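Asks: Each residue of the sequence shown is one higher than the one before, starting from 1 at the first, in the UniProt record's numbering.
Starting off with a structure, shown below.
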Amino acid sequence: MADIRLEGVGHSYDGGRTWALKPMTWTWRSARAYALLGPSGCGKTTLLNIISGLITPTEGRVFFDDRDVTGVPTAGRNIAQVFQFPVLYEEMSVYDNLAFPLRNRKVPKQEVDRRVRQVSRLLGLDQVLGRRSRRLDAGRQQIVSLGRGLVRSQVAAVLLDEPLTVVDPALKWTLRSKLKEIHRDTGHTLVYVTHDQTEALTFADEVVVLNEGAIVQAGEPSELFLSPAHEFVGHFIGSPGMNMLPAEVAGGIVRVGDEDVGTAGEPLPPGPVRIGVRPEFVRIAPAGTSPGVPARVTGIDRMGAYDLVHAVVGEHPLIAKTEAGSSYRPGAVEFLHFPADRTFLFRDEVRCGSLAPLNGRGQA
Numbered sequence: 001m002a003d004i005r006l007e008g009v010g011h012s013y014d015g016g017r018t019w020a021l022k023p024m025t026w027t028w029r030s031a032r033a034y035a036l037l038g039p040s041g042c043g044k045t046t047l048l049n050i051i052s053g054l055i056t057p058t059e060g061r062v063f064f065d066d067r068d069v070t071g072v073p074t075a076g077r078n079i080a081q082v083f084q085f086p087v088l089y090e091e092m093s094v095y096d097n098l099a100f101p102l103r104n105r106k107v108p109k110q111e112v113d114r115r116v117r118q119v120s121r122l123l124g125l126d127q128v129l130g131r132r133s134r135r136l137d138a139g140r141q142q143i144v145s146l147g148r149g150l151v152r153s154q155v156a157a158v159l160l161d162e163p164l165t166v167v168d169p170a171l172k173w174t175l176r177s178k179l180k181e182i183h184r185d186t187g188h189t190l191v192y193v194t195h196d197q198t199e200a201l202t203f204a205d206e207v208v209v210l211n212e213g214a215i216v217q218a219g220e221p222s223e224l225f226l227s228p229a230h231e232f233v234g235h236f237i238g239s240p241g242m243n244m245l246p247a248e249v250a251g252g253i254v255r256v257g258d259e260d261v262g263t264a265g266e267p268l269p270p271g272p273v274r275i276g277v278r279p280e281f282v283r284i285a286p287a288g289t290s291p292g293v294p295a296r297v298t299g300i301d302r303m304g305a306y307d308l309v310h311a312v313v314g315e316h317p318l319i320a321k322t323e324a325g326s327s328y329r330p331g332a333v334e335f336l337h338f339p340a341d342r343t344f345l346f347r348d349e350v351r352c353g354s355l356a357p358l359n360g361r362g363q364a
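If you want it as structure tokens, here you go:
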């Protein structure tokens, strides 16, 4: 295991005209399980390949603990990497595929057998160890690839690039649980690349959110959901994502349209801001009970366990998550309230403060 330290690391595929990965300084701590989360094309795989040595960064240095590995090829970095699609020796048995990384490093036969059987049992492969890999379906082949990446106990890091993409959705929950179990047993430094927020939030000790080649926030899953530091994090994490409404700060008062909804919790220069509040925390209630805004209901999604009430404030859409069986009807005008402790202010996409109650008036 090793701390993986990036110092000013950035990468361009076109000689510096554009940056797939903007120069960054970051440390992945030893023995932690990280999820690197972001949309397609944001630089996740580029960053992972820089760590593994498949790409040499245009700028900056990569360190494993205190060792500079920037120019060291993949074979000299002692890492395991699992790709999005299966990478196997198809004519070999499942057992031999799992054993190959250990045999290649002259691990004693008894230890090879112990590790192969341990990993195969955890991943549900113990019944197919004697089968040739080419006879497995794509999902099971990917599980074997995952096992190959996890079978070595002494590695600097395990890098997982969208490893469950081709796996049946019903198996993903089980495999994520098994990955966490293996991580607890081995203490590997794990970096798990995904665009799926569910995978990231259920797997990782810490989630690192990447957008347009830059890290916009990192933290525990609950922190990213409850306290996003950037509009992108609010949008990308949560289903549905965070509501954003244009507002104005003047004299410390926050206004949406013609309504005062609260005060700025921190001193802010006057000017436009955006209010961010998650659907889970929007409350629909009679006007006048607390500062809020009128909204016209445009539709309701009945989700079974809850309802999603779609509305517009002026021309701006907003969603409120309510109990199942709500009686709201399209076309009706309701009053929406924003709890001060769950409502944030953003300026230039970055969180600049939070909402506070208006003149001591209570907020739900």
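No residue lacks a Cβ here, since even glycine has one placed at the ideal position from N, Cα and C.
Please read these numbers as outputs of a predicted model, since none were measured by experiment.
1. Hey, how far is the Cα of Leu226 from the Cα of Arg342?
2. At the level of alpha carbons, what is the spacing between Thr18 and Ala33?
3. Let's test the definition: count the other Cβ atoms within 10 Å of the Cβ of Trp28 and tell me whether it reaches 16, buried, or not, exposed.
4. From Leu160 to Ala287, what does the alpha carbon distance come to, in whole angstroms?
5. Spatial neighbours of Gln81 within its chain, please: CB distance less than 6 Å, with the 5 preceding and 5 following residues excluded, ordered by chain position.
6. I'd like to know whether the C-beta atoms of Glu231 and Met244 end up nearer to each other than 8 Å.
7. From the DSSP output, which residues share a beta bridge with Gly276?
8. Would you call the stretch 100 to 114 and the stretch 160 to 179 touching, i.e. three or more CB-CB distances under 8 Å?
9. Which same chain residues, not among the five before or five after His11, have their C-beta less than 6 Å away from its C-beta?
10. Whose C-alpha, out of Leu6, Arg255, Ile50, Ala204, is nearest the C-alpha of Asp66?
11. How is Asp14 classed by DSSP in three states: helix, strand or coil?
12. Span of the alpha helix (DSSP H) holding Gly299?
13. Under three-state DSSP, which class holds Gln127?
14. In terms of residues, what are the limits of the beta strand (DSSP E) holding Gln81?
15. So Ala2 is in the alpha helix (DSSP H); what residue range does that whole segment cover?
16. Throw me the rounded Cβ distance for the Phe344 and Gly271 pair, which I believe falls under 8 Å.
17. Shortest alpha-carbon distance to Pro291 belongs to which of Val155, Gly187, Val282?
18. Closest to Thr322 by CA distance: which of His316, Pro246, Gly331, Ala311 is it?
19. Identify which residue in Thr194, Gln118, Val62 has its Cα closest to the Cα of Leu150.
20. Look at His188 and Met1 and say whether their C-beta atoms are less than 8 Å apart.
21. Is Leu164 helix, strand or coil when you go by DSSP?
22. Going by other Cβ atoms of all chains shown within 10 Å of its Cβ, with 16 needed for buried, is Glu199 buried or exposed?
23. Please go through the same chain and pick out, in chain order, the residues whose beta-carbon is closer than 8 Å to the beta-carbon of Gly252, but skip the five residues on each side of it.
24. Starting from the N-terminal side, write out each stretch of the alpha helix (DSSP H) that is 4 residues or longer and does not extend beyond the stretch 89 to 121.
25. Would DSSP call Phe203 helix, strand or coil?
26. What is the DSSP secondary structure of Pro357, reduced to helix, strand or coil?
27. Look up Gln363 in the DSSP assignment and say whether it is helix, strand or coil.
28. Sorted by chain position, which residues of the same chain lie with C-beta nearer than 7 Å to Ser40's C-beta, five sequence neighbours on each side aside?
29. Look at the alpha carbon of Pro23 and the alpha carbon of Tyr328, and state the distance between them as a whole number of angstroms.
Replies: According to the structure shown:
1. Going from the Cα of Leu226 to the Cα of Arg342 covers about 7 Å.
2. Between Thr18 and Ala33, the C-alpha separation is close to 30 Å.
3. Counting of Cβ neighbours within 10 angstroms places Trp28 among the buried residues, the total reaching 16 or more.
4. In this model, Leu160 and Ala287 are separated by some 51 Å (Cα to Cα).
5. Counting only Cβ-Cβ distances below 6 Å, and skipping sequence neighbours, we find Ser52, Leu159.
6. For Glu231 and Met244, yes; Cβs fall inside 8 Å.
7. According to DSSP, Gly276 bridges with Met244, Phe344.
8. No, the stretch 100 to 114 does not touch the stretch 160 to 179.
9. Listed in chain order, the non-local C-beta contacts of His11 below 6 Å within the same chain comprise Ala20, Leu21, Thr46, Pro57, Thr58, local neighbours out to five positions each way being set aside.
10. A check of alpha carbon separations from Asp66 across Leu6, Arg255, Ile50, Ala204 identifies Leu6 as the nearest.
11. In this structure, Asp14 counts as coil in the three-state DSSP scheme.
12. In this chain, Gly299 is not harboured by any alpha helix (DSSP H); it is covered by the beta strand (DSSP E) spanning 292 to 302.
13. Of the three classes helix, strand and coil, the one that applies to Gln127 here is coil, per DSSP.
14. First-last of the beta strand (DSSP E) with Gln81: 79 to 82.
15. Run containing Ala2: none; DSSP gives neither H nor E here.
16. Here Phe344 is actually not in contact with Gly271; their C-beta atoms are around 16 Å apart, not less than 8 Å.
17. Nearest of Val155, Gly187, Val282 to Pro291, Cα basis: Val282.
18. Ranking His316, Pro246, Gly331, Ala311 by Cα distance to Thr322 puts Ala311 first.
19. Residue Gln118 holds the alpha-carbon nearest to the alpha-carbon of Leu150 among Thr194, Gln118, Val62.
20. Judged by their CB atoms, His188 and Met1 are nearer to each other than the 8 Å cut-off.
21. In the three-state DSSP reduction, Leu164 falls in the coil class, being neither helix nor strand.
22. It is buried - the Cβ of Glu199 has at least 16 other Cβ atoms within 10 Å.
23. Exclusion of the five residues before and after Gly252 leaves Thr263, Ala264, Pro267, Leu268 as the residues of its chain whose Cβ lies within less than 8 Å of its Cβ.
24. Here the runs fully enclosed are 94 to 103.
25. Helix at Phe203.
26. Looking at Pro357 - three-state DSSP - the assignment turns out to be coil, as it is neither helix nor strand.
27. Reliability of the predicted coordinates at Gln363 is poor, the pLDDT of 48 falling under 50, and no value is obtained from them.
28. By the criterion of a C-beta distance shorter than 7 Å, Ser40 is surrounded in its chain by His195, once the five residues flanking it on both sides are discounted.
29. If I take the Cα positions, the gap works out to 49 Å.
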